[in-house]
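Have a look at the structure below before the remarks.
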Ligand SMILES: Nc1ncnc2c1ncn2[C@@H]1O[C@H](COP(=O)(O)OP(=O)(O)O)[C@@H](O)[C@H]1O
Ligand SMILES: [Mg+2]
């Protein structure tokens, strides 16, 4: 299957609170995107010490993620720098640290640098409540006429035995948001996502990570490019 992205490529940013699984998901997506024939790079906008767990950049130093991962460019000229780094006809994927609303922080810069914002969200009432400020930030960019990315929501760390992700999905859809079909399950098994940091990600056919990689590509590929 081929994916034809525009000549100047596409840019995706993963957002969400700390521990939502952003870095783990992106580490897996990179390899799946490469397997799909996409020329992709990762950019780590997380600052060291922001999160308890390791950053994407630290992971890339420990294991081959299949694609190069660059540390954060300066926030002030982020959009231009990310465009410069994006492979022609390819993809730049930005990992971010825990969402914060501070002006001058990296997150508004990321929102202005990407075509698609992916909100990684654990489907609990508290997490949905907190996600409000991410959604509000994107709405705000729209209101002031600044370039604002499209937004999709991915349910992550989904625990099948806990409160229903279906309710969260429905509530978000009712509020007008796009929730992708693929959910990333919570997986604490020895070879599961929760134990994968620092290792070369397992790229399993039919896995949630592969399905998410494809669903995201479908979202950013122009209609005539599929
Ligand atoms: N799908 C998952 N299932 C189980 N544990 C996960 C999963 N994704 C991430 N984790 C674990 O949760 C913690 C936070 O994940 P991480 O990817 O660093 O989140 P973020 O980058 O959003 O802060 C890490 O210890 C990681 O190993
Ligand atoms: Mg992270």
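Numbering (the UniProt record's numbering), first residue to last: 1 to 226. Where is the CB? At the ideal position from N, CA and C, for every residue including glycine.
Please state whether DSSP places residue 153 in a helix, a strand or coil.
Three-state DSSP puts residue 153 in a strand.
Straight-line Cα distance separating residue 178 from residue 211:
Taking the straight line joining both Cα atoms gives about 16 Å.
Residue from 37, 136, 61 and 45 whose Cα sits closest to the Cα of residue 72:
Nearest C-alpha to residue 72: 45.
If I measure Cβ to Cβ from residue 208 and keep anything under 7 Å in the same chain, skipping five residues before and after, which residues do I get?
Closer than 7 Å at Cβ, skipping near neighbours: 182, 183, 184 and 185.
What is the residue span of the alpha helix (DSSP H) that residue 117 lies within?
Unbroken run through residue 117 is the beta strand (DSSP E), 116-121; no alpha helix (DSSP H).
With DSSP as the reference, label residue 15 as helix, strand or coil.
Reduced to three states, the DSSP call for residue 15 is strand.
DSSP bridge partner residues for residue 10 (one or two, in chain order):
Answer is 91, bridged to residue 10.
Go ahead and pull the three-state DSSP assignment for residue 208.
Residue 208 falls in the helix class under three-state DSSP.
Can you give me the Cβ contacts of residue 38 inside the same chain, cut-off strictly under 8 Å, excluding the 5 residues immediately before and after it?
The residues are 3, 5, 90, 91 and 217.
In whole angstroms, what is the alpha-carbon distance linking residue 140 and residue 128?
It is roughly 18 Å from the alpha-carbon of residue 140 to the alpha-carbon of residue 128.
Could you tell me the distance, in whole angstroms, from the CA atom of residue 195 to the CA atom of residue 168?
The straight-line gap from Cα to Cα measures roughly 26 Å.
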